[in-house]
Amino acid sequence: MLSEIARTLEPEPDVERMVSNIVAAAAATVPSADQAGVSLLERGEMRSVAPSSDVVAKLDRLQHDIGEGPCVDAVFTRPIYRTGDIANDRRWPRFGTAAAGAGVASMLAFRLFTSTTVVGALNLYSAKPDAFDEEAERVGELFAAHAAVALAGSRGQAQLHSALQTRDVIGMAKGILMQRHGLTPDQTFEMLVEASQHANVKLRDAAEWLVGETARLDPS
Numbered sequence: 001m002l003s004e005i006a007r008t009l010e011p012e013p014d015v016e017r018m019v020s021n022i023v024a025a026a027a028a029t030v031p032s033a034d035q036a037g038v039s040l041l042e043r044g045e046m047r048s049v050a051p052s053s054d055v056v057a058k059l060d061r062l063q064h065d066i067g068e069g070p071c072v073d074a075v076f077t078r079p080i081y082r083t084g085d086i087a088n089d090r091r092w093p094r095f096g097t098a099a100a101g102a103g104v105a106s107m108l109a110f111r112l113f114t115s116t117t118v119v120g121a122l123n124l125y126s127a128k129p130d131a132f133d134e135e136a137e138r139v140g141e142l143f144a145a146h147a148a149v150a151l152a153g154s155r156g157q158a159q160l161h162s163a164l165q166t167r168d169v170i171g172m173a174k175g176i177l178m179q180r181h182g183l184t185p186d187q188t189f190e191m192l193v194e195a196s197q198h199a200n201v202k203l204r205d206a207a208e209w210l211v212g213e214t215a216r217l218d219p220s
């Protein structure tokens with residue numbers, strides 16, 4: 001079953017959709033998992049993506065905010081954390097109280113990583129005490145490995161898609177300037193760079209503004 005589900009985790013440019021697929025598959029795959037969420041690590045900050053419920057969203061964000069909990073430790077300390085009595089787990093006293101108050105008794109968190117990067121963490125929740133055993137941990141670890149590779153691939157596709165879009169819009173802006181002022185490609189690029197620096201905006205933003213204004217003034 002795990003291998004079949006893993007095959008459905010094909011990388012795609014829409015990272016949010018990819019995470020949503022991971023969350024749904026994790027809850028269906030790992031024994032005793034009631035709910036699931038993914039926390040992505042971006043520029044040193046963590047954010048909750050596609051949580052399976054409002055409770056998961058709240059608890060994932062709380063861990064990020066206070067810097068405490070299985071999710072945070074899985075990313076920054078060691079790859080797997082498991083607890084069957086979150087309310088009395090001395091490793092996370094503040095988070096444990098909040099989690100128990102939200103109806104969570106057990107958690108299982110896995111670092112999502114590849115050989116070159118840490119992507120984030122997969123967080124599994126259960127209302128039952130001692131819900132996750134060694135089998136759940138083993139299955140979850142295998143699933144997390146597949147999910148991390150797929151998610152890293154999705155990020156790569158998204159970055160490539162963004163890079164291609166940036167190249168296209170800059171090319172369009174250069175074409176407008178070449179036609180308007182009779183400049184060479186190198187001269188138009190220098191003009192765009194100077195404009196972006198003068199306006200204190202990114203080069204792509206300056207190019208998008210020029211393309212948008214040209215379309216607005218000359219809709220034909």
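1 is the number of the first residue of the sequence shown in UniProt numbering; add one for each residue after it.
Heads up, the beta-carbon is just placed ideally off N, CA and C, and yes, glycines get one too.
Small disclaimer: the values here were computed from a predicted structure and weren't measured.
Distance, residue j Cα to residue i Cα
i, j, result
"GLU42", "GLY182", "42 Å"
"PHE189", "LYS174", "6 Å"
"GLU45", "ARG78", "17 Å"
"GLU137", "ASN88", "21 Å"
"ALA99", "ARG17", "26 Å"
"TRP92", "GLN35", "20 Å"
"ALA127", "VAL104", "5 Å"
"VAL193", "THR214", "18 Å"
"GLN197", "GLN187", "15 Å"
"ALA55", "ASP130", "The question names Ala, yet the displayed sequence has Val at residue 55. Near 19 Å, if we compare the C-alpha coordinates of ASP130 and VAL55."
"GLY171", "ASP60", "41 Å"
"LYS202", "MET191", "13 Å"
Cβ shell of residue i (< 6 Å), same chain only, five flanking positions each side left out
i, result
"ARG47", "LEU40"
"PHE132", "SER32, ARG82, SER106, LEU108"
"residue 222", "This structure cannot settle anything about residue 222, because the visible part of the chain is limited to 1 through 220."
"ILE80", "PHE110"
Beta bridge counterpart(s) of residue i as assigned by DSSP
i, result
"ALA109", "TYR81, ASN123"
"MET46", "LEU41"
"VAL118", "PHE113"
"ALA36", "LEU124"
Among the options, nearest to residue i - alpha-carbon criterion
i, options, result
"ALA119", "ALA100, ALA25, CYS71", "With the sequence shown as reference, residue 119 is identified as Val, and Ala is not the correct amino acid for it. VAL119 has its Cα closest to that of CYS71, out of ALA100, ALA25, CYS71."
"ALA57", "ARG180, ALA102, ARG94", "ALA102"
"PHE110", "THR97, LEU124, GLN197", "LEU124"
"VAL49", "VAL19, THR97, THR116", "VAL19"
Residues of its chain near residue i, where Cβ-Cβ distance is below 8 Å and the 5 sequence neighbours each way are ignored
i, result
"residue 270", "Within the shown structure, residues of the chain are numbered from 1 to 220, placing residue 270 beyond reach of any answer."
"VAL169", "ARG204, ALA207, GLU208, VAL211"
"PRO185", "LYS174, MET178"
"ASN200", "none"
"ILE176", "LEU210, VAL211, THR214"
Rounded Cβ spacing between residue i and residue j (contact assumed at less than 8 Å)
i, j, result
"ALA74", "SER52", "So it is not a contact: roughly 18 Å between Cβ atoms."
"THR23", "GLY140", "Here the sequence assigns Val to residue 23, which means Thr is not the residue at that position. That belief does not hold up - the Cβ atoms of VAL23 and GLY140 are roughly 13 Å apart, past 8 Å."
Residues of its chain near residue i, where Cβ-Cβ distance is below 7 Å and the 5 sequence neighbours each way are ignored
i, result
"PHE95", "LEU62, GLN63, ILE66, GLU68, GLY69"
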